[in-house]
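Enquirer: Here's a structure for you.
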Amino acid sequence: MGRLADLATVAAAAAAARARGGRVVLTNGAFDLLHVGHVRYLKAARELGELLVVAVNSDASVRRAKGPNRPVGPAAERAEIVAALEGVDWVVIFDEPTVEHVIEEVRPDVHAKGTDYTADNVPEAALVRRLGGRVAIVGDPKDHSTTELAGKLSRRRR
């Protein structure tokens, strides 16, 4: 079971894992209304290393990216749910538009993103590579989305 912590604590844990020879994997997302696509994405990310850090978008950053009706659940609860998933070691909440600040502190060996990206259009790819890491695209095809799930729930209530 993963632990929710501040960025300094997570960065120290990542440095310790690397010192022991472990590969650190970082992934990020809103994880609003957790669905099977999220589970598959996190499982695939975990397979790339010995320590999996998940950065969860704050409520404000989700609203900026997805609109005023999101997130459905508050960041602390979304992070707690992600931390409870098998294979997740650490969870940190971030407020910036991209996960670059977390990358700078954690310095992952692998930055894992979902299949809605390519290795060339990950916003943080240049930073990851400059710090000596690599970008990996993981998970199943983007057949599941929180936006779609929320829409189905809304239509059923009508």
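Okay, so the sequence shown: first residue is 180 according to our numbering, each after it adds one. Cβ coordinates follow ideal geometry from the N, Cα and C atoms, glycine included.
1. For the stretch 205-256, which segments carrying the alpha helix (DSSP H) assignment without a break, of at least 4 residues, lie completely within its bounds, in sequence order?
2. Which one of Asn236, Ala305, Arg219 has the shortest CA to CA distance from Thr294?
3. Consult DSSP for Leu186 and reduce its assignment to one of helix, strand or coil.
4. Taking C-alpha atoms, which residue in Glu283, Ile316, Pro247 lies nearest to Ala191?
5. What number of angstroms, rounded off, separates the C-alpha of Gly216 from the C-alpha of Arg308?
6. Measure the Cβ-Cβ separation of Val314 and Lys292 and say whether it is below 9 Å.
7. Hey, would you say Ala244 sits closer than 9 Å to Ala209, going by beta carbons?
8. Residues in the same chain with beta-carbon distance under 7 Å from Lys222, minus the five sequence neighbours each way, listed in chain order, please.
Expert: In terms of the structure at hand:
1. 215-225, 238-245
2. Arg219
3. helix
4. Glu283
5. 26 Å
6. yes
7. yes
8. Gly266
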